[in-house]
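Chemist: Could you have a look at this structure, given as structure tokens, before my questions?
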Amino acid sequence: MELQGEREKVIIVRYCEIHLKGKNRGYFEKVFQENLERALKGIRHEIRRLSGRYIVEGFEPGREEEIVERLSKVFGTHTLSIAYKVFADLETIYQTVLSLAPHAGSFKVQANRADKSFPLNSMQLNAEIGARLLAARPQLNVDVHDPQHVLYVDIRENGTALVFANYVKGAGGMPVGTAGKGMLLLSGGIDSPVAGYMIAKRGMKVDAIHFHSYPYTNLQAREKVEELARLLAAYTGGITLHVVRVTHIQEAIHRSCPAEMMITLLRRFMMRIAERTARRCGGQCIITGESLGQVASQTIEGITSSESVLESLPVLRPLIGMDKTEIIEVSRRIGTYETSILPYEDCCTVFLPKHPLIRPDLAQVVREEAKLDVEGLIAEAFATEETLSFS
Amino acid sequence: MIYFDNAATTRPDAESVSAALQYVQDAFFNPSALYREGFAVHKAIEEARRQLLRLLAPQGRHALLFAGSGTEADNQVLFSAARRGNLVTTEGEHAAVYEAAKELGKRGVEVRFAKLEKSGAVNAADLLAKVDAQTALVSVIHVNNETGAVNDVAALARAVKTKNARTLFHSDGVQAFGKIAFSLPAEIDFYTISAHKIGGVRGAAALAHKKGTALAPLLYGGGQEEGYRSGTENTFAVMQFAAAAKKRLEALPQHYQNAERLRNALLALLDKEFFTPLSDPSGSPFIFTVSARGLRGEVLQHMANERGLLVGTGSACSSRNRYSRVILACGIEEKMADGVLRLSFFGNESLEEAEKAAQILNACARELYAKTR
């Protein structure tokens with residue numbers, strides 16, 4: 003029996019952690035729903051809140067996969083299901099379950115009844131639909147403990163039922179915008195997009211800043227960073243990218259300071275510029291992709307040197323204890339890896355010393371830096387700033 | 622803006638673009654269609670084909686089939702004619718031949734790469750030594766796209782055929798056609814030409830092939846181009862190609878002389894403290910390659926770009942393809958290969974442009990040297 007026309011596909015979005023937040027729950031739910039709305043920009047839809055989840059409906063048939071793909075990236079989403087919304091009478095429900103049921107293997111029906119006036123309770127509904135399925139599909143068998151397939155029936159209060167057979171895993175975490183705002187140092191590498199992802203996952207709004215040294219680096223390197231920002235934006239609900247040229251700073255360091263101190267000193271400039279940009283834009287912290295000891299500038303001495311220039315903002319380093327392989331794993335999962343490994347240099351090798359300082363001595367760094375017109379160089383860098391938005 | 626990257630692509634000739642526009646407007650018909658309008662377009666394409674053959678191979682020994690790009694034409698020859706025995710080619714080939722040859726190698730064909738002279742021309746003795754009784758195809762680029770070195774492909778083809786009469790000979794003539802006077806000799810079985818290096822648009826190229834020589838299609842379908850290359854013809858690009866080629870060949874003597882003047886001016890004016898010419902004076906005057914040893918070519922290119930000069934480069938700010946494979950194959954050391962810039966002309970540029978370009982490059986090199994030494 004064909005039921006087309008009588009049933010509509012809808013998407014169930016279940017959220018996580020939000021219910022833990024007690025008094026703040028209303029606020030978290032509001033932000034989460036706004037983020038869902040933003041993720042569906044350009045697709046006609048309605049989002050309704052039921053207890054503990056949202057229902058997306060009213061979209062054009064055939065777009066459900068795309069909607070699930072987009073919503074699965076919204077932090078706060080625990081799981082999603084594509085469900086059929088049908089009239090809540092037993093025959094219609096059974097026919098819908100039948101259309102989703104496998105032809106062989108073990109299964110169970112898991113009914114849930116919010117509408118207590120429905121004639122059968124959950125247990126009875128499980129038994130009734132299960133029995134009918136067994137009769138219709140002799141190769142099926144029931145296994146309530148470890149079934150291969152679960153068929154879900156959810157009787158709503160308004161005389162409708164949701165029937166579905168699949169769960170899609172969402173991005174998890176907290177709704178972006180519920181945990182303040184940070185400024186991510188975004189290079190073209192593997193680590194920084196992962197760092198941004200991880201912090202956004204905890205609910206923080208992320209903006210990014212990228213430093214380039216054109217003409218020593220090329221336009222492809224810049225395009226690659228923009229692409230990374232675009233990829234991150236799908237998780238962070240849009241991203242503002244600040245692009246700042248630091249060529250003249252590299253040249254000045256090269257001219258006046260020891261070669262092996264290039265990275266140490268440049269990092270300090272980047273931190274200063276990032277902090278000032280963050281404060282101007284309402285950012286409350288700096289986020290970096292540093293992982294302890296991964297490269298020379300990421301030793302504790304290197305970190306001490308770069309962090310000591312900050313005036314008031316803390317630095318979040320979500321990757322600090324992760325191995326490269328673990329970072330790569332996340333990078334692949336979130337879809338930034340393939341872009342990150344494009345071979346364009348994001349920092350010019352012309353100025354890179356053969357042996358960078360591994361354990362810079364802060365006092366010596368400060369002494370060398372004193373040879374430079376720090377404020378003048380920073381002002382010159384800000385004069386090159388460009389701001390791009392990705393949604 | 623001074624545009625000295627004509628070996629990459631040229632500005633399409635406006636006159637022939639206007640003339641050919643009718644084929645994307647009123648005369649848009651499919652040339653395979655059997656009504657008068659379609660047949661008229663078919664006739665126009667055949668006239669374009671005859672015109673190009675008159676320019677390239679007037680003796681009537683060769684036929685010409687249109688392709689979508691020089692790369693496609695090169696690939697068609699290699700994958701058609703080098704299926705067994707061995708393939709002999711050079712280390713100075715354009716990627717369209719070089720990568721196709723490497724792919725054939727993976728598929729079990731023995732591929733032999735002949736060494737280059739310092740100029741980028743093939744070492745003829747090494748090439749001939751690699752040809753034997755099993756050699757199915759020899760492919761030698763006519764004008765090296767990175768250094769401008771000219772291979773005497775007519776003589777090489779003769780020598781190859783003397784050694785093995787059954788060996789087929791292909792030459793990629795993309796940087797030669799319309800740039801050096803040349804008429805296709807009988808010994809060359811396949812010859813690739815492309816529109817967009819001589820004032821044509823992208824999307825049109827051609828393969829001249831000796832009549833009676835077996836050639837397999839790369840694309841199968843509706844049987845266009847006598848079955849050698851199926852796919853509805855790109856009428857606009859083909860018509861514009863023929864018109865641009867005709868115009869170009871008529872202007873070639875002046876453009877050639879002028880290109881020599883431009884090259885000589887740059888040779889004289891570029892600061893010897895920074896720039897070493899890599900192109901040999903005997904090469905095509907349309908391509909002048911220099912190295913700013915110790916400076917990075919791509920950085921210089923960016924700096925020149927900001928001052929309004931567009932040039933090509935032989936190195937990249939990239940961890941892959943950092944140095945040009947061809948430049949290294951010329952025996953040039955890495956420090957030199959890192960600083961490669963390629964200046965290439967259409968032939969109608971003014972001497973003032975060359976002088977200005979030299980000034981810009983000298984200033985960039987001085988500045989970069991001062992900043993990075």
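These protein sequence lines are chains E and C, in that order.
Residue 3 is where the first sequence starts when you use this note's numbering, and the numbers rise one by one after that.
Residue 622 is where the second sequence starts when you use this note's numbering, and the numbers rise one by one after that.
We treat Cβ as the ideally placed atom computed from N, Cα and C, and that holds for glycine.
For V297/E and R943/C, I'd like the C-alpha separation in whole angstroms.
Modeler: The count along the first sequence starts at 1 and reaches residue 297/E at position 295. The count along the second sequence starts at 1 and reaches residue 943/C at position 322. The alpha-carbon atoms of V297/E and R943/C are separated by roughly 23 Å.
Chemist: For G7/E, does the three-state DSSP call read helix, strand or coil?
Modeler: Locating residue 7/E in the first sequence gives position 5, counting from the first residue. With a pLDDT of 47 at G7/E, under the threshold of 50, the predicted position of this residue should be treated as unreliable, though the coordinate-derived value follows. It is coil, neither helix nor strand.
Chemist: Looking at chain C, which residues of the stretch 317-350 of chain E have a Cβ within less than 8 Å of any of its Cβ atoms?
Modeler: Answer set for the stretch 317-350 of chain E: P345, Y346, E347, C350.
Chemist: Quick check on DSSP: helix, strand or coil for S653/C?
Modeler: Position 32 of the second sequence holds residue 653/C. Reduced to three states, the DSSP call for S653/C is coil.
Chemist: Can you give me the C-alpha to C-alpha distance between I192/E and T993/C, rounded to a whole angstrom?
Modeler: Counted from its first residue, the first sequence places residue 192/E at position 190. Counted from its first residue, the second sequence places residue 993/C at position 372. One C-alpha to the other measures close to 28 Å.
Chemist: Counting only runs of 4+ residues fully inside the stretch 81-151 of chain E, write out the alpha helix (DSSP H) ranges in chain order.
Modeler: Taking only runs of at least 4 residues, the alpha helix (DSSP H) segments lying wholly in the stretch 81-151 of chain E are 92-102, 124-138.
Chemist: Helix, strand or coil for N785/C? Go by DSSP, reduced to three states.
Modeler: Numbered from 1 along the second sequence, position 164 holds the residue referred to as residue 785/C. N785/C falls in the coil class under three-state DSSP.
Chemist: Taking the alpha helix (DSSP H) that P195/E falls in, what are its first and last residues?
Modeler: Position 193 of the first sequence holds residue 195/E. Its alpha helix (DSSP H) spans residues 193-203.
Chemist: Per DSSP, what kind of secondary structure is I908/C in: helix, strand or coil?
Modeler: Within the second sequence, residue 908/C is the residue found at index 287, counting from 1. Three-state DSSP puts I908/C in a strand.
Chemist: How would you call H715/C, buried or exposed, if buried means at least 16 neighbouring beta carbons within 10 angstroms?
Modeler: Translated into the one-based positions of the second sequence, residue 715/C becomes position 94. With 16 or more Cβ atoms within 10 Å of its Cβ, H715/C is classed as buried.
Chemist: Which parts of the stretch 659-724 of chain C are runs of the alpha helix (DSSP H), unbroken and 4 residues or longer, counting only runs that do not cross its ends?
Modeler: DSSP runs (the alpha helix (DSSP H)) wholly in the stretch 659-724 of chain C: 691-702.
Chemist: What are the residues in the stretch 77-99 of chain E lying within 8 Å of chain C by C-beta distance?
Modeler: If the cut-off is 8 Å between Cβ atoms, the stretch 77-99 of chain E has nothing near chain C.
Chemist: With three or more beta-carbon pairs closer than 8 Å as the criterion, would you say the stretch 796-811 of chain C touches the stretch 918-935 of chain C?
Modeler: No, the stretch 796-811 of chain C does not touch the stretch 918-935 of chain C.
Chemist: Say whether chain C places a C-beta atom closer than 8 Å to the C-beta of N220/E.
Modeler: As a position in the first sequence, residue 220/E is number 218, starting the count at 1. Chain C contact via Cβ: present.
Chemist: What separation, rounded to the nearest whole angstrom, lies between the Cα atoms of D156/E and N128/E?
Modeler: The residue you call residue 156/E lines up with position 154 of the first sequence. The residue you call residue 128/E lines up with position 126 of the first sequence. Roughly 11 Å separates the two Cα atoms.
Chemist: Take every Cβ of the stretch 149-168 of chain E, pair it with every Cβ of the stretch 179-189 of chain E, and state whether three or more of those distances are shorter than 8 Å.
Modeler: Judged by Cβ distances under 8 Å, the stretch 149-168 of chain E makes no contact with the stretch 179-189 of chain E, as fewer than three pairs qualify.
Chemist: In three-state terms, what does DSSP make of F213/E?
Modeler: Within the first sequence, numbered from 1, the residue matching residue 213/E stands at position 211. F213/E falls in the strand class under three-state DSSP.
Chemist: M622/C CB to nearest chain E CB: under 8 Å?
Modeler: Residue 622/C sits at position 1 when you count from the first residue of the second sequence. No - not a single Cβ of chain E is within 8 Å of the one on M622/C.
Chemist: In chain C, which residues lie less than 7 Å from E253/E when you measure between Cβ atoms?
Modeler: Translated into positions along the first sequence, residue 253/E becomes position 251. K992, listed in chain order.
Chemist: Applying the criterion that 16 or more other CB atoms from any shown protein chain within 10 Å of the CB defines a buried residue, is G7/E buried or exposed?
Modeler: The residue given as residue 7/E occupies position 5 in the first sequence. Unreliable positioning characterises G7/E in this predicted model, as indicated by a pLDDT of 47, which lies under 50. A coordinate reading is not provided.
Chemist: Identify the continuous alpha helix (DSSP H) that holds V376/E and give its terminal residues.
Modeler: In the first sequence, counting from the first residue as 1, residue 376/E sits at position 374. Note, V376/E: alpha helix (DSSP H), 376-385.
Chemist: Taking the beta strand (DSSP E) that P874/C falls in, what are its first and last residues?
Modeler: Taking the first residue of the second sequence as 1, we reach residue 874/C at position 253. Premise fails: P874/C lies in the alpha helix (DSSP H), 856-890, not in any beta strand (DSSP E).
Chemist: What number of angstroms, rounded off, separates the C-alpha of E4/E from the C-alpha of F77/E?
Modeler: Stepping through the first sequence from its first residue, residue 4/E is reached at position 2. Stepping through the first sequence from its first residue, residue 77/E is reached at position 75. Here E4/E scores only 45 on pLDDT, less than 50, and its place in the model should not be relied on; the value that follows carries that caveat. Going by the C-alpha atoms only, they are around 37 Å apart.
Chemist: Compare the C-beta of V12/E against all C-beta atoms of chain C and say whether one is closer than 8 Å.
Modeler: If you number the first sequence from 1, residue 12/E lands on position 10. Chain C contact via Cβ: absent.
Chemist: Can you tell me which of the three DSSP states G28/E falls into?
Modeler: Looking up residue 28/E in the first sequence gives position 26. Reduced to three states, the DSSP call for G28/E is helix.
Chemist: Does the beta-carbon of P121/E have 16 or more other beta-carbons within 10 angstroms, so that it is buried, or is it exposed?
Modeler: Position 119 of the first sequence, counting from 1, holds the residue named residue 121/E. Flag for P121/E reads exposed.
Chemist: Going by C-alpha to C-alpha distance, which of A254/E, G190/E, I211/E, G172/E sits closest to V227/E?
Modeler: Start at 1 with the first residue of the first sequence, and residue 227/E comes out as number 225. The shortest C-alpha separation from V227/E is found at G190/E.
Chemist: Name, in chain order, the residues that DSSP records as bridge partners for C287/E.
Modeler: Position 285 of the first sequence, counting from 1, holds the residue named residue 287/E. G184/E, per the DSSP bridge assignment.
Chemist: Measure the C-alpha to C-alpha separation of A858/C and G848/C and round it to an integer number of angstroms.
Modeler: One-based indexing of the second sequence puts residue 858/C at position 237. One-based indexing of the second sequence puts residue 848/C at position 227. Distance between the alpha carbons of A858/C and G848/C is about 20 Å.
Chemist: Secondary structure at M206/E, three-state DSSP: helix, strand or coil?
Modeler: One-based indexing of the first sequence puts residue 206/E at position 204. If DSSP states are grouped into helix, strand and coil, M206/E belongs with coil.
Chemist: When the Cα of S83/E is compared with those of F89/E, D91/E, S74/E, which residue comes out closest?
Modeler: By 1-based counting over the first sequence, the position of residue 83/E is 81. If we check each option's Cα against that of S83/E, S74/E comes out closest.
Chemist: Using the rule of at least 16 other Cβ atoms within 10 Å of the residue's Cβ for burial, across every protein chain shown, is S997/C buried or exposed?
Modeler: Because residue 997/C is not part of the residues shown, which for chain C are 622 to 994, the question remains open.
Chemist: What in chain E is Cβ-close to M860/C, meaning under 9 Å?
Modeler: What you label residue 860/C is simply residue 239 of the second sequence in a count that begins at 1. In chain order: nothing, as chain E lies at least about 34 Å away.
Chemist: Looking at the strands, I want to know which residues DSSP matches up with L930/C.
Modeler: For the purposes of this step, residue 930/C is identified with residue 309 of the second sequence, where counting begins at 1. Paired residue(s): I623/C.
Chemist: Please name the residue or residues paired with K171/E in a DSSP beta bridge.
Modeler: As a position in the first sequence, residue 171/E is number 169, starting the count at 1. DSSP lists T81/E as partners of K171/E.
Chemist: On the three-state DSSP scale, how would you describe R1/E?
Modeler: Since the first and last residues shown for chain E are 3 and 393, residue 1/E lies out of range.
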